[in-house]
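Here the structure comes first, spelled out in structure tokens, and everything after it is commentary.
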Amino acid sequence: MKRSLLGIVVLITLFTIGVVSSNTSKSEKSEDQELTAQVSGEQEVGINEGNVAPDFTLYSLEGQEVSLSDFRGKVVFVNFWATWCPPCKAEMPHMEEFYKENAEKYDAEILAVNITSEESSSLMVEEFIKEYEITFPVLMDTKGEQAKTFATITIPTTYVIDKNGIIMKILVGPMSKERMIKLASSTE
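Note that UniProt numbering gives residue 110 to position 110 of the sequence shown, counting from 1, and the numbers run on in steps of one.
Structure (structure tokens):
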């Protein structure tokens, strides 16, 4: 009886030592990685404000390959939308007005990422672009992969990315031209 009790105590002690040493080593590694990132100026890639935005490559309706990283050095509004979405329809004239009148002034770009997986055809997207006279790039997320990467649940959702590729603001709901100007000018 004493032997089995002693054996249990020894096993519990060894287990406790293993857990403590494992957690200590993980915490030291995490602190080392964090310190390295701070020293080297690296920021974490993610989808939260303050993170470096994940890069992506999608195709335009014309078949041109477009990557988010192509626009490093500009303020980028990455807007997730669909043709059937009433708030998306409401914001498009404001976005187009901003693009025509202010994009160059603020060194900004709009990447309208159509969640094509939610559309019945790309023809609907083409008709939408014509109807709203959109001149900014419209990209097709045919499989919904970028919508998933950016955790887009509600549309429209816009990620405002600064000139260094950092997410500075996440907007859920329609944008106005005035709000876009305010956001674009706040990065200067």
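For every residue, glycine included, the Cβ atom is placed at its ideal position computed from N, Cα and C.
**Study point:** Distance between Val78 and Thr142 (C-alpha atoms, nearest Å)
**Key:** 16 Å
Review point. CB Ala53 to CB Ile161, shorter than 8 Å?
Key: yes
Check your understanding: Nearest CA to the CA of Ala184: which residue from Val113, Gly73, Thr116, Ala82?
Key -> Gly73
Exercise for review: List the residues that DSSP assigns as beta-bridge partners of Trp81.
Suggested key: Asn114
**Study point:** Cβ neighbours of Gln146 in the same chain (closer than 7 Å, five flanking residues each side left out)
**Key:** Phe56, Leu58, Val113
Practice item. Answer yes if the segment 162-172 comes into contact with the segment 91-98, meaning at least three C-beta pairs across the two stretches below 8 Å, and no otherwise. Key: no
**Study point:** Selection from Ala151, Met124, Ile166, Lys182 that minimises the alpha carbon distance to Leu61
**Key:** Of all alpha-carbon atoms in Ala151, Met124, Ile166, Lys182, the one lying nearest the alpha-carbon of Leu61 is that of Met124.
Review point. Per DSSP, Ile166 is paired with what?
Key: Val52
Practice item. Can you tell me which of Thr135, Glu49, Lys148 puts its alpha carbon nearest to the alpha carbon of Phe80? Key: Closest in alpha carbon position to Phe80, among Thr135, Glu49, Lys148, is Lys148.
Point to revise | Cβ-based burial, Pro156 [other Cβ within 10 Å; buried from 16] | key: By the neighbour-count rule (16 or more Cβ atoms within 10 Å), Pro156 is buried.
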